[in-house]
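Protein chains in written order, with full-length UniProt numbering: chain A, 1 to 343; chain B, 1 to 316.
Think of the CB as a built atom: it goes at the ideal place given N, C-alpha and C, for glycine as much as any other residue.
Quick caveat: nothing in here was measured; it's all calculated off a predicted structure.
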């Protein structure tokens, strides 16, 4: 594992971040045509940092995560370009057996629906213990002891009594805790949480987010939080990448984006959050429908729905313009947007 | 695995009655198999078929428990004598005790049925799992080959293969002829099991927990054995129980045609075949083996159905 990660000659840990996704392109070849799910996504996550990847269904956020994990179904999926560097070495070029070692130990993942992400025929303790037996060759009893410790760590009440219970005997929140316990079992450096709270009710959502934030602080992991819920990310994330049509349209430190978004899409998202002080008014909604991945709009993918649309939006793909320091916006008229949102 | 926990829990509950939360939840882990067992044990049909199964298995393993007569001892003078207090099921054409022969016949029928099913499960299971897991060209090849075997009618296939390997006039030894019949049944029957295993595994393969296992670093072997197989076992188990019954019937069919088991093996199929011509003068010599055969087939089919009903969540 270690020898894999500290490959000499790579860009190494000095320059880049812990995980760098660089200009990633992923397509799905279907009968109906080629669906371009990810079109040049670039983001980085460092140890101890939380990146929220925000976007609606089909924006490519989950596909990017699956590509990082190497669990994308290929075919129909196909990686057509880009690099994913973990500690400087390109994961996409590593042989499968080395990638498998990184999964779970280097980069780990929490799934959206914990009920279906846990194997129904084995007790949860067995499944957590399996992580130690699989990667560390731990003995049955040692692994089980560690499983109980982990269940305690993710705050499952009465962990010792519940270690032999099956997934369907737990509530949704508890199941997600077990999924998290499995994912953090081997102290991964990066944890990807793919909509970890979508299947849960609101009070439990807050608890799970709190747990993730706390675990991250304790072990200094890098956390990639994939979500479509703006409310979830505000408190936990350090920075946000907003995705639309397989591209990152805006990335920014979380507070900057909330204060004044620099892309019409992020602005629209923020405006469509229900607000107590605007009670009684009609709720704002972004007009139109998400882009069809099989037939992407020309130029800027957002132009059919954009209030700032001009002629060149239809023809020119906007580059990710630097707004300031680490902020970027893929909009030709980001200055206008940012001025509007500031006022 | 669960038993120690149960007692542990009980001890804890009696020691700490204040711990309300622990007291509420049932202290027995519930798995699919435990649920199934809970349903099964309430079904009379399960207990009936289980009792019959135990009886047939005992008959196959220790026939001398049921009769002290020698099934091969022939008294020609008593040929085709009807049932009497001396011989419950009467005598067959050669003057052998039909009851003894029926009891001893259980072994060959059950051994052939069970081992043909095991071989079928092995062949069909392995090919089905491989086809489903690796899909693409391997799946295409396995599926097409399976269809070719399925296209051969059972009896015709049996006649051709058995007629070639062990023609009717020859008399290979007991083990040999049984092995050949087992092989024929499995070779002609594996595609059905392959399809069942394949579809079950394909279904399991797209579950999130398989994705999750991959994401947490599991390799193909672990995924197949820990995730796919345990979750596809139910349909395979149900089908194989029913298959045992139908293979016992199939063995009898082949024996009836004179190409399956043959003397010196004692089997129900042979007994039926030997006496069909005498059905009007002495039906008993054919009737009793046929009755046992039907009962045995029924036992396995009933057992399979009971297990299937218990495993099917839609019927709960």
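I need the straight-line Cα distance from residue i to residue j, nearest angstrom please.
i: residue 174/B; j: residue 265/B; result: 6 Å
i: residue 13/A; j: residue 87/A; result: For residue 13/A, the pLDDT reaches just 43, beneath the cut-off of 50, and the residue's location in the model is therefore unreliable, leaving the point undetermined.
i: residue 34/B; j: residue 311/B; result: 10 Å
i: residue 170/A; j: residue 193/A; result: 20 Å
i: residue 69/A; j: residue 191/A; result: 10 Å
i: residue 227/A; j: residue 138/A; result: 35 Å
i: residue 237/A; j: residue 187/A; result: 20 Å
i: residue 273/B; j: residue 252/B; result: 8 Å
i: residue 178/A; j: residue 38/B; result: 27 Å
i: residue 156/A; j: residue 223/A; result: 22 Å
i: residue 51/A; j: residue 340/A; result: 26 Å
i: residue 30/A; j: residue 58/A; result: 15 Å
i: residue 194/B; j: residue 243/B; result: 13 Å
i: residue 98/B; j: residue 127/A; result: 56 Å
i: residue 277/B; j: residue 204/B; result: 52 Å
i: residue 154/B; j: residue 185/B; result: 8 Å
i: residue 232/A; j: residue 131/B; result: 42 Å
i: residue 50/B; j: residue 247/B; result: 19 Å
i: residue 240/A; j: residue 215/B; result: 24 Å
i: residue 325/A; j: residue 83/A; result: 23 Å
i: residue 258/A; j: residue 319/A; result: 22 Å
i: residue 184/A; j: residue 107/A; result: 9 Å
i: residue 152/B; j: residue 188/B; result: 8 Å
i: residue 202/B; j: residue 143/B; result: 13 Å
i: residue 154/A; j: residue 211/A; result: 7 Å
i: residue 220/A; j: residue 48/A; result: 4 Å
i: residue 166/B; j: residue 270/B; result: 16 Å
i: residue 90/A; j: residue 150/B; result: 48 Å
Mark residue i as exposed unless 16 or more other C-beta atoms lie within 10 angstroms of its C-beta, in which case mark it buried.
i: residue 262/B; result: buried
i: residue 122/A; result: buried
i: residue 141/B; result: exposed
i: residue 95/A; result: exposed
i: residue 251/A; result: buried
i: residue 322/A; result: exposed
i: residue 261/A; result: buried
i: residue 64/B; result: exposed
i: residue 190/B; result: buried
i: residue 357/B; result: Residue 357/B lies beyond the range of chain B shown here (1 to 316); nothing can be said about it.
i: residue 314/A; result: exposed
i: residue 212/B; result: buried
i: residue 226/B; result: buried
i: residue 75/B; result: exposed
For the alpha helix (DSSP H) containing residue i, list its first residue and its last residue.
i: residue 241/B; result: 229-256
i: residue 58/B; result: 44-61
i: residue 91/B; result: No alpha helix (DSSP H) contains residue 91/B, which DSSP labels as neither H nor E.
i: residue 41/B; result: First-last for residue 41/B: undefined, no H or E at that position.
i: residue 271/A; result: 264-271
i: residue 133/A; result: 124-136
i: residue 207/A; result: 202-219
i: residue 66/A; result: 61-69
i: residue 152/A; result: 140-153
For the beta strand (DSSP E) holding residue i, just list the boundary residues, first then last.
i: residue 299/B; result: First-last for residue 299/B: 284-311, but that is the alpha helix (DSSP H), not the beta strand (DSSP E).
i: residue 80/A; result: 77-86
i: residue 239/A; result: 239-244
i: residue 324/A; result: 321-324
What does DSSP give as the partner residue(s) for residue i in the beta ladder?
i: residue 33/A; result: 30/A
i: residue 109/A; result: 192/A
i: residue 174/B; result: Its beta-bridge partners do not exist; DSSP assigns none.
i: residue 51/A; result: 224/A, 239/A
i: residue 251/A; result: 241/A, 328/A
i: residue 175/A; result: For residue 175/A, which the question treats as bridged, DSSP gives no partner whatsoever.
i: residue 89/A; result: 86/A
i: residue 258/A; result: Per DSSP, none; premise fails for residue 258/A.
i: residue 355/A; result: What the structure shows of chain A is the stretch from 1 to 343, and residue 355/A is not part of that stretch, so it cannot be assessed.
i: residue 97/B; result: 91/B
Give the residues of chain D in contact with residue i, contact being defined as C-beta atoms less than 9 Å apart.
i: residue 104/A; result: Of the protein chains in this structure, namely A and B, none is chain D.
**Prompt:** What residues in the stretch 202-232 of chain B bring their beta carbon closer than 8 Å to a beta carbon of chain A?
**Reply:** 207, 208, 209, 211, 212, 213, 214, 215, 216, 217, 218, 219, 222, 226, 227, 230, 231
**Request:** Select from the stretch 23-54 of chain A all residues with a C-beta closer than 9 Å to any C-beta belonging to chain B, and list them in chain order.
**Result:** none
**Prompt:** Taking any Cβ of chain B, which residues in the stretch 179-206 of chain A have a Cβ under 9 Å from it, in chain order?
**Reply:** 179, 182, 183, 185, 186, 192
**Request:** Using a Cβ-Cβ cut-off of less than 8 Å, give me the residues of the stretch 113-140 of chain A that come near chain B, in sequence order.
**Result:** 113, 116, 117, 118, 119, 120, 121, 122, 123, 130, 131, 134, 135
**Asked** Can you list, in chain order, the residues of the stretch 61-75 of chain A whose Cβ is nearer than 7 Å to any Cβ on chain B?
**Response** 69, 71
**Message:** Tell me which residues of the stretch 207-222 of chain A have at least one Cβ-Cβ distance to chain B shorter than 7 Å, keeping chain order.
**Reply:** none
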